[in-house]
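Participant:
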Amino acid sequence: DGGITQSPKYLFRKEGQNVTLSCEQNLNHDAMYWYRQDPGQGLRLIYYSQIVNDFQKGDIAEGYSVSREKKESFPLTVTSAQKNPTAFYLCASSMNAGTEAFFGQGTRLTVV
Amino acid sequence: EDQVTQSPEALRLQEGESSSLNCSYTVSGLRGLFWYRQDPGKGPEFLFTLYSAGEEKEKERLKATLTKKESFLHITAPKPEDSATYLCAVQPKYNFNKFYFGSGTKLNVKP
Numbered sequence: 165d166g167g168i169t170q171s172p173k174y175l176f177r178k179e180g181q182n183v184t185l186s187c188e189q190n191l192n193h194d195a196m197y198w199y200r201q202d203p204g205q206g207l208r209l210i211y212y213s214q215i216v217n218d219f220q221k222g223d224i225a226e227g228y229s230v231s232r233e234k235k236e237s238f239p240l241t242v243t244s245a246q247k248n249p250t251a252f253y254l255c256a257s258s259m260n261a262g263t264e265a266f267f268g269q270g271t272r273l274t275v276v
Numbered sequence: 003e004d005q006v007t008q009s010p011e012a013l014r015l016q017e018g019e020s021s022s023l024n025c026s027y028t029v030s031g032l033r034g035l036f037w038y039r040q041d042p043g044k045g046p047e048f049l050f051t052l053y054s055a056g057e058e059k060e061k062e063r064l065k066a067t068l069t070k071k072e073s074f075l076h077i078t079a080p081k082p083e084d085s086a087t088y089l090c091a092v093q094p095k096y097n098f099n100k101f102y103f104g105s106g107t108k109l110n111v112k113p
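In order, the protein sequence lines correspond to chains X and A.
According to our numbering, the first sequence is numbered sequentially starting from 165.
According to our numbering, the second sequence is numbered sequentially starting from 3.
(1) For residue 73(A), return the contacting residues in chain X, with the cut-off set at a CB-CB distance below 9 Å.
(2) Grouping DSSP H, G and I as helix and E and B as strand, with all else coil, what is residue 94(A)?
(3) Apart from the five residues just before and just after residue 38(A), which ones in its own chain have a Cβ nearer than 8 Å to its Cβ?
(4) When you compare each of 273(X), 177(X), 212(X) and 191(X) to residue 223(X) by their alpha carbons, which one comes out closest?
(5) Out of 178(X), 210(X) and 232(X), state which residue places its alpha-carbon closest to the alpha-carbon of residue 193(X).
(6) Output yes if chain X places a C-beta closer than 7 Å to the C-beta of residue 45(A); else output no.
(7) Taking Cβ-Cβ distances shorter than 8 Å, what residues in chain A pair up with residue 264(X)?
(8) From the DSSP secondary-structure annotation, give me the bridge partner or partners of residue 197(X).
(9) Let me know the secondary structure DSSP gives residue 202(X) once reduced to three states.
(10) Would you decide whether residue 14(A) is buried or exposed? Buried here means 16 or more other CB atoms lie within 10 Å of its CB.
(11) With 7 Å as the threshold, decide whether the Cβ of residue 99(A) is near any Cβ in chain X.
(12) What does DSSP give as the partner residue(s) for residue 168(X) in the beta ladder?
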């Protein structure tokens with residue numbers, strides 16, 4: 165079954181800790197994206213990657229980092245520098261830049 | 003500044019009561035406008051892409067249309083299973099990777 169898998173579904177973190185969210189796709193898509201969704205707001209782009217070993221900052225990259233060592237994987241690290249990390253995080257992929265994106269089921273991160 | 007505004011924020015319909023959702027946008031050259039459906043606690047699901055003014059796309063009870071300043075998602079004779087949040091996003095010509103999303107319209111269809 166082709167798709168995008170995000171894990172874990174729920175994640176709790178203590179203030180000051182880094183945490184990594186996993187995103188894997190088996191759609192053979194080139195482009196991958198990370199978005200953040202807050203209540204009452206639209207999705208905001210954190211990072212995107214068009215090819216392996218290359219990624220670009222989105223509109224709200226501060227306090228986040230990513231890697232793209234394999235085509236299938238695009239993990240997101242939420243660092244302690246992110247001031248307000250509690251949110252719903254969505255990973256997406258598309259065949260190439262600009263075509264429709266397919267989303268994972270999301271990870272809800274809560275800082276306690 | 004590229005911006006997307008969706009209205010209304012929330013919409014309650016009776017089953018069978020047709021209506022329209024609005025997505026107004028300002029963007030420095032539109033490459034595409036995308037509609038998604040999102041169920042609570044889930045990721046968005048792709049519905050349509052529109053590329054030029056006058057274009058229309060249909061899928062079951064949904065029809066999306068596009069003008070130079072806005073897009074409409076028309077829902078004909080909705081059913082309770084159409085209840086969800088509907089998101090629109092614009093893609094600018096200057097960067098195909100950047101999608102600007104509206105905050106969505108939460109649709110509730112009562113039986």
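Every residue, glycine too, gets a C-beta built ideally from N, C-alpha and C.
Facilitator: According to the structure shown:
(1) Simply none; closest approach about 15 Å.
(2) Note: residue 94(A) maps to strand in three-state DSSP.
(3) Answer for residue 38(A): 46, 47, 48, 49, 88, 89, 90 and 91, listed in chain order.
(4) The shortest CA-to-CA distance from residue 223(X) to any of 273(X), 177(X), 212(X) and 191(X) is the one to 212(X).
(5) Residue nearest to residue 193(X) within the set 178(X), 210(X) and 232(X) is 232(X) (criterion: CA-CA distance).
(6) Taking a beta-carbon distance threshold of 7 Å, residue 45(A) counts as an interface residue toward chain X.
(7) In chain order: 36, 48 and 51.
(8) Answer is 212(X) and 256(X).
(9) Looking at residue 202(X) - three-state DSSP - the assignment turns out to be coil, as it is neither helix nor strand.
(10) The residue is exposed, with fewer than 16 neighbouring Cβ atoms inside 10 Å.
(11) True, the Cβ-Cβ gap to chain X drops below 7 Å.
(12) Answer is 189(X).
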